[in-house]
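Participant: In our numbering, the protein residues as written are 67 to 472.
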Amino acid sequence: MDDTKDHSHVPFVIVLLQALDKWRGTVSAPFNPDPAVRPRYPESFQEKEDFRKLVKGMSKNLNNEINFEEAVREAHLTWVDGRVSDEVKEVLDRVDEKEFFASAVKSEMDVEGSATSSVPAHVLQFQLLALALKRFLKQNDDYPPLEGKIPDMTSDTARFVALQEAYQKQAEQDRATICQIAKALLDECKQASNGCDLHVSIPSDDEIVTFCKNSRYLRILETRPLFAEYKVQDPASPTLSILKPTSFENIPNFDTIQADARDDLQSAMFDPYETDPIQTPLLWWIALRACDAFYDRHEHYPGKHEQELALESDANEVYKFMTQIATNLGLSECDFIKEHLLDISKGKDLAREVVRYDEAEIHNIAAVVGGVASQEAVKLITGQYVPFDDTYVYNGIASTAGVYRF
67 MDDTKDHSHV PFVIVLLQAL DKWRGTVSAP FNPDPAVRPR YPESFQEKED
117 FRKLVKGMSK NLNNEINFEE AVREAHLTWV DGRVSDEVKE VLDRVDEKEF
167 FASAVKSEMD VEGSATSSVP AHVLQFQLLA LALKRFLKQN DDYPPLEGKI
217 PDMTSDTARF VALQEAYQKQ AEQDRATICQ IAKALLDECK QASNGCDLHV
267 SIPSDDEIVT FCKNSRYLRI LETRPLFAEY KVQDPASPTL SILKPTSFEN
317 IPNFDTIQAD ARDDLQSAMF DPYETDPIQT PLLWWIALRA CDAFYDRHEH
367 YPGKHEQELA LESDANEVYK FMTQIATNLG LSECDFIKEH LLDISKGKDL
417 AREVVRYDEA EIHNIAAVVG GVASQEAVKL ITGQYVPFDD TYVYNGIAST
467 AGVYRF
């Protein structure tokens, strides 16, 4: 790479790999050839900074070599763990091999046409691919199939095409492995079926390709009846009497879902809106939920009467509901909530603001929320991308938004 032009067109992926080899030679625990031992990557803040400096040092002129600027900018890709997330593992843990075999085999009644599988065919196909992915991950140290695409980067055509072909080749090998595992699962299923046919067949090539490309993005989105949400947040609400009662025992994993939701809300409080914490969307959601509680008891929203004493009375009642909802959500011991909501002065300012607006609906805010809702509808209709997990809250005052699980 003595030629300057040639040097400035080396893809940043190659630069990072070469830099990693050099860096491993400078640390006390260099690359271990034993495949059972995970290779060494920068871990501490200082090691990551040293790695970036090493990348910069490999450049002949950093200001004129965009590929090295890209390498420095994307250096974090070197140490990011590429293995599947806990969310993906949660999906796979829900798929049991024995239950799949039992559902996939046609019984004698099925053969006679008197009954069909209790599990839809498309669900069985997904379970088949999920089980195949499970075995694939076990064979590959939890690394999922490669997607086979690379981002745009500074490079000459020959290197970029070669790099793209290498990724596509590996992706094709991974796809073929998933397909082989799926066929092996079907063969095992047939052997256990005592000659009966199966409700499921091998998915098409396109379906397998799509599954492999999205395997690292698998998620479980679980919803609850509105009754359950009300029961937790406002257990004294008169609305509960008109909602269909739901026993929590009939909601699968209710305790786990509720515990996870509380953990997520508490974690969200460590990441407030930086410019002005009082504009954190969750605070406004609690205030609006308190307005719903007010409506449930008075059959009109707060702020209906314009007299100053009436507005202040409404604000006091709304604030009371705000504190109750925060407590019911398990947020009363959160420092952020204590400072910005349970503090009477700041909390009542929030209450007065939502009372002042008197159920007004502003066209530009409606347009934003409507646009977001349409995008979520497209996700559900097309089956592409991950929908919002629970509640989207848009704050038009600060043009910020948040997604929370309740």
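Built from N, CA and C at the ideal position, the CB exists for glycine as well. Since the model is a prediction, treat every value here as computed from it, not as a measurement.
Tell me the DSSP bridge mates of residue 466?
Facilitator: Along the sequence shown, read from residue 1 onward, the residue named residue 466 stands at position 400. According to DSSP, which records beta bridges pairwise, residue 466 is partnered with 461.
Participant: Could you give the residue range of the alpha helix (DSSP H) that holds residue 169?
Facilitator: Locating residue 169 in the sequence shown gives position 103, where the first residue counts as 1. It spans 163 to 170 - the alpha helix (DSSP H) in which residue 169 sits, taken as one unbroken run.
Participant: How big is the Cα-Cα spacing for residue 407 and residue 111?
Facilitator: As a working mapping, residue 407 is identified with position 341 in the sequence shown. As a working mapping, residue 111 is identified with position 45 in the sequence shown. So the alpha carbons of these two residues sit roughly 35 Å apart.
Participant: DSSP state of residue 284, grouped into three classes?
Facilitator: Start at 1 with the first residue of the sequence shown, and residue 284 comes out as number 218. Coil.
Participant: Between residue 245 and residue 190, what straight-line distance do the alpha-carbon atoms span, to the nearest angstrom?
Facilitator: Counted from its first residue, the sequence shown places residue 245 at position 179. Counted from its first residue, the sequence shown places residue 190 at position 124. Roughly 15 Å separates the two Cα atoms.
Participant: Taking the alpha-carbon of residue 345 as reference, which of 203, 462, 423 and 430 has the nearest alpha-carbon?
Facilitator: Position 279 of the sequence shown, counting from 1, holds the residue named residue 345. Looking at the Cα atoms, 462 is the closest of the given residues.
Participant: Would you mind reading off the limits of the alpha helix (DSSP H) that contains residue 123?
Facilitator: Here residue 123 corresponds to residue number 57 of the sequence shown, with the count starting at 1. Its alpha helix (DSSP H) spans residues 111 to 123.
Participant: Less than 7 Å between the C-beta atoms of residue 355 and residue 308, yes or no?
Facilitator: Counting from one through the sequence shown, the residue named residue 355 turns up at place 289. Counting from one through the sequence shown, the residue named residue 308 turns up at place 242. Taking 7 Å as the Cβ cut-off, residue 355 and residue 308 do not qualify as a contacting pair.
Participant: What number of angstroms, rounded off, separates the C-alpha of residue 187 from the C-alpha of residue 453?
Facilitator: For the purposes of this step, residue 187 is taken as the residue at position 121 of the sequence shown. For the purposes of this step, residue 453 is taken as the residue at position 387 of the sequence shown. Looking at the two C-alpha atoms, the distance is approximately 23 Å.
Participant: Between 92, 394 and 167, which has its C-alpha nearest residue 254's C-alpha?
Facilitator: The count along the sequence shown starts at 1 and reaches residue 254 at position 188. Nearest C-alpha to residue 254: 167.
Participant: In chain order, what residues of the same chain have a beta carbon less than 8 Å from the beta carbon of residue 219, not counting five sequence neighbours either side?
Facilitator: Here the question's residue 219 lines up with position 153 in the sequence shown. Excluding residues within five positions, the ones whose Cβ falls inside 8 Å are 77, 78, 79, 133, 136 and 226.
Participant: Does residue 397 come out as helix, strand or coil in the three-state DSSP assignment?
Facilitator: Numbered from 1 along the sequence shown, position 331 holds the residue referred to as residue 397. Residue state, collapsed to three classes: coil.
Participant: Just reading off the alpha helix (DSSP H) that residue 198 is part of, what are its end residues?
Facilitator: On the sequence shown, residue 198 is found 132 positions in, with the first residue counted as 1. Segment 187 to 205, the alpha helix (DSSP H) holding residue 198.
Participant: What is the DSSP secondary structure of residue 377, reduced to helix, strand or coil?
Facilitator: Here residue 377 is taken as the residue at index 311 of the sequence shown, counted from 1. Helix at residue 377.
Participant: Please say whether residue 237 and residue 212 have beta carbons closer to each other than 7 Å?
Facilitator: Residue numbering aside, residue 212 sits at position 146 when the sequence shown is read from its first letter. Residue numbering aside, residue 237 sits at position 171 when the sequence shown is read from its first letter. Taking 7 Å as the Cβ cut-off, residue 212 and residue 237 qualify as a contacting pair.
Participant: Tell whether a beta-carbon distance below 7 Å holds between residue 331 and residue 292.
Facilitator: In the sequence shown, the residue the question calls residue 331 occupies position 265. In the sequence shown, the residue the question calls residue 292 occupies position 226. Cβ atoms of residue 331 and residue 292: not closer than 7 Å.
Participant: Of all the options 421, 328, 276 and 340, which has the alpha carbon lying nearest to the alpha carbon of residue 373?
Facilitator: The count along the sequence shown starts at 1 and reaches residue 373 at position 307. The residue with the shortest Cα to Cα distance from residue 373 is 421.
Participant: Give me the residue from 458, 369 and 251 with the minimum Cα distance to residue 435.
Facilitator: Residue mapping note: residue 435 aligns to position 369 of the sequence shown, counting from 1. In terms of Cα proximity to residue 435, the closest of 458, 369 and 251 is 458.
Participant: From this set, 412, 375, 358 and 399, which residue's C-alpha is nearest residue 387's C-alpha?
Facilitator: For this step, residue 387 is matched to residue 321 along the sequence shown. Minimum Cα-Cα distance from residue 387 among the listed residues 412, 375, 358 and 399 corresponds to 358.
Participant: Rounding to the nearest angstrom, what Cα-Cα distance links residue 193 and residue 170 in this structure?
Facilitator: As a first step, residue 193 must be located in the sequence shown, where it is residue number 127. As a first step, residue 170 must be located in the sequence shown, where it is residue number 104. About 10 Å.
Participant: Across the segment 271 to 278 and the segment 333 to 341, are there enough close Cβ pairs to call them in contact, namely three or more that are closer than 8 Å?
Facilitator: no
Participant: Short of 7 Å in beta carbon distance, which residues of its chain neighbour residue 224, apart from the five on each side in sequence? Order them along the chain.
Facilitator: On the sequence shown, residue 224 is found 158 positions in, with the first residue counted as 1. Closer than 7 Å at the Cβ level, and outside the excluded window around residue 224, lies no residue.
Participant: Using 10 angstroms around the beta-carbon of residue 433, count the other beta-carbons present and answer buried if the total reaches 16, otherwise exposed.
Facilitator: Reading the sequence shown from its first residue, position 367 is the one you call residue 433. Looking at its Cβ environment, which holds fewer than 16 other Cβ atoms inside 10 Å, residue 433 is exposed.
Participant: Take the Cβ of residue 165 as the centre, count every other Cβ of all protein chains shown within 10 Å, and call the residue buried at 16 or more, exposed below.
Facilitator: On the sequence shown, residue 165 is found 99 positions in, with the first residue counted as 1. By the neighbour-count criterion, in which a residue is buried when 16 or more other Cβ atoms sit within 10 angstroms of its Cβ, residue 165 is exposed.
Participant: Count the other CB atoms, across all protein chains shown, that sit within 10 Å of the CB of residue 177; report buried if there are 16 or more and exposed otherwise.
Facilitator: To locate residue 177, count along the sequence shown from 1; it is residue 111. Its pLDDT being 47, under 50, residue 177 is placed unreliably in this model, and the value from its coordinates should be taken loosely. Counting Cβ neighbours within 10 Å, residue 177 comes out exposed, since fewer than 16 surround it.
Participant: Can you pull the DSSP bridge partners for residue 264?
Facilitator: Residue 264 sits at position 198 when you count from the first residue of the sequence shown. Residue 264 is bridged to 171.
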